[in-house]
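Undergrad: Its first residue numbered 10, the sequence shown is counted upward by one per residue in the working numbering.
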Amino acid sequence: MNQALRTLRAVQWSMLASILLYVALGEVVGPSARAVNPATSYLFATMSVAIVGMIFIVRRTLVLRAAEGLVTKPEDILSLNHWRTGYIATYVLCEALALFGLALRLMGSTLQHSLLFYVGGFVLLFLFAPKRPARPSST
C-alpha cells in the first residue's frame with residue numbers, strides 16, 4: 010500500500026507539473042489570438058462536461074469500491090490494483106481537460122479561454138490526491 014501511494018503521488022505531481030508546462034507551451038508556441046470556430050469551442054466544452062462525469066463514474070466504480078475492499082482486506086492484490094487503476098484513470102481524464110485547453114490555444118484561442126480548461130484539469134487533479142483507504146466515520 011505504501012509503495013502504491015508513493016507511486017500515485019508521483020504520478021499526480023508529474024501530471025500537475027505537465028499542466029503548467031502546457032500553459033507555457035501554449036503561450037510560447039501558440040499563434041496570436043484569432044477567432045476560433047465556435048463549434049470547436051462548444052465541442053470541447055461538451056466533451057469536458059462528459060469527461061468530468063466520467064471522472065466521477067470511475068471514482069465511484071473503481072476507487073471507492075476498491076477502497077472499501079482494502080479496508081477489510083488490505084492485502085487483497087486485486088482490490089489494490091483496481092484502486093490504483095482508478096486513480097490513474099482519474100488522472101488521465103483530468104489531464105485530458107488540460108489538453109483541450111492546449112489544443113484550443115494552439116488553434117488560436119485566447120489564453121483566457123484556454124485557461125478554463127487548464128484550471129479545470131489542474132484543480133480536479135489536485136483535489137483527487139490519493140488517500141489511504143480508511144473506514145468511514147460513523148456519525
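Every residue gets a Cβ at the ideal spot worked out from N, C-alpha and C, and that includes glycine.
#1: Mapping DSSP to helix, strand and coil, what is Gly117?
#2: With Phe131 and Ala98 assumed to form a contact (beta carbons below 8 Å), what rounded beta-carbon distance in angstroms separates them?
#3: Under 9 Å between the Cβ atoms of Val45 and Leu125?
#4: Ser27 lies in the alpha helix (DSSP H); which residues open and close that run?
#5: For Phe65 and Pro47, what's the separation of their Cα atoms in angstroms?
#6: By the DSSP assignment, the alpha helix (DSSP H) with Arg74 in it spans what residues?
#7: Using a Cβ-Cβ cut-off of 6 Å (strictly less than) and excluding sequence neighbours within five positions of Pro142, which residues of its own chain qualify?
#8: Looking at the unbroken alpha helix (DSSP H) that takes in Ser41, where does it start and where does it end?
#9: May I have the straight-line CA-CA distance separating Leu17 from Leu89, to the nearest angstrom?
#10: Assign Phe131 to one of three DSSP states: helix, strand, or coil.
#11: In three-state DSSP terms, what is Phe65?
#12: What number of angstroms, rounded off, separates the C-alpha of Asp85 from the C-alpha of Gly39?
#13: Which same chain residues, not among the five before or five after Leu115, have their C-beta less than 8 Å away from its C-beta?
#14: Considering only C-alpha positions, which residue in the set Phe53, Thr55, Ile28 and Gln12 is nearest to Leu133?
TA: Taking the coordinates as given:
#1: Here Gly117 sits in coil by DSSP.
#2: Contact between Phe131 and Ala98 does not hold, since their C-beta atoms are separated by about 18 Å, which reaches or exceeds 8 Å.
#3: No, these two residues do not count as a Cβ contact at 9 Å.
#4: Unbroken alpha helix (DSSP H) run through Ser27: Asn11 to Val38.
#5: So the two alpha carbons sit approximately 28 Å from each other.
#6: Element bounds for Arg74: Arg74 to Thr81.
#7: Scanning its chain for C-beta atoms nearer than 6 Å, with the 5 sequence neighbours on each side dropped, one finds around Pro142 the residues Ala76, Leu79 and Val80, in chain order.
#8: From DSSP, Ser41 is part of no alpha helix (DSSP H); its letter is neither H nor E.
#9: In a straight line, the C-alpha of Leu17 is about 12 Å away from that of Leu89.
#10: In this structure, Phe131 counts as helix in the three-state DSSP scheme.
#11: It is helical.
#12: Spanning the two alpha carbons is a distance of roughly 47 Å.
#13: Scanning its chain for C-beta atoms nearer than 8 Å, with the 5 sequence neighbours on each side dropped, one finds around Leu115 the residues Gly35, Val38, Gly39 and Pro40, in chain order.
#14: The candidate whose alpha carbon is nearest that of Leu133 is Ile28.
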